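Take a look at the structure set out below.
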């Protein structure tokens, strides 16, 4: 191993606001809070949130401003977890490619993220 995985960092206009949103969605502890960077720490990795004064939100599914990456969260009950992420501040996208297996949302900064039943008891069987 060259270096252990720390975790992804999302660019955004307001790091603390976005970190608090993901804390409401997935838990974790705010470990570093700075004007330019916030770390949301979990047991085995961290999510970073970095201020970008020129940030442009992705326009998914329109490719004019690409999403660059997105986060997936496991959810055995999509309807129940959808209600929870909406209450936390997410927005359900109009385009839902496969809503019985995953649902697409936007976080407060416009990053797409998904709830998915993959790797849960209620999800589809894994193929190899």
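Residue numbers (my numbering): -9 to 118. Don't be surprised by glycine CBs; every beta carbon is placed ideally from N, CA and C. As the structure is a prediction and not an experimental result, all values here were calculated from the model.
Please classify residue i: does DSSP put it in a helix, a strand, or coil?
i, result
"residue 69", "helix"
"residue -5", "coil"
"residue 41", "strand"
"residue 56", "coil"
"residue 11", "helix"
Can you list, in chain order, the residues of its chain whose CB lies under 6 Å from that of residue i, leaving out five sequence neighbours each side?
i, result
"residue 118", "Note on residue 118: pLDDT 49, under 50, position unreliable in the model; the coordinate value appears next. Closer than 6 Å at the Cβ level, and outside the excluded window around residue 118, lies no residue."
"residue 82", "95"
Within 10 angstroms of its Cβ, does residue i collect 16 or more other Cβ (buried), or is it exposed?
i, result
"residue 111", "exposed"
"residue 2", "buried"
"residue 32", "exposed"
CB-CB under 7 Å to residue i, same chain, minus the five flanking residues each way: which ones, in chain order?
i, result
"residue 59", "-2"
"residue 49", "55"
With which residues is residue i paired in a DSSP beta bridge?
i, result
"residue 26", "According to DSSP, residue 26 bridges with nothing at all."
"residue 36", "31"
"residue 62", "104"
"residue 93", "105"
Since residue i and residue j should fall inside the 8 Å C-beta cutoff, what is the C-beta to C-beta distance between them, to a whole number of angstroms?
i, j, result
"residue 5", "residue 41", "5 Å"
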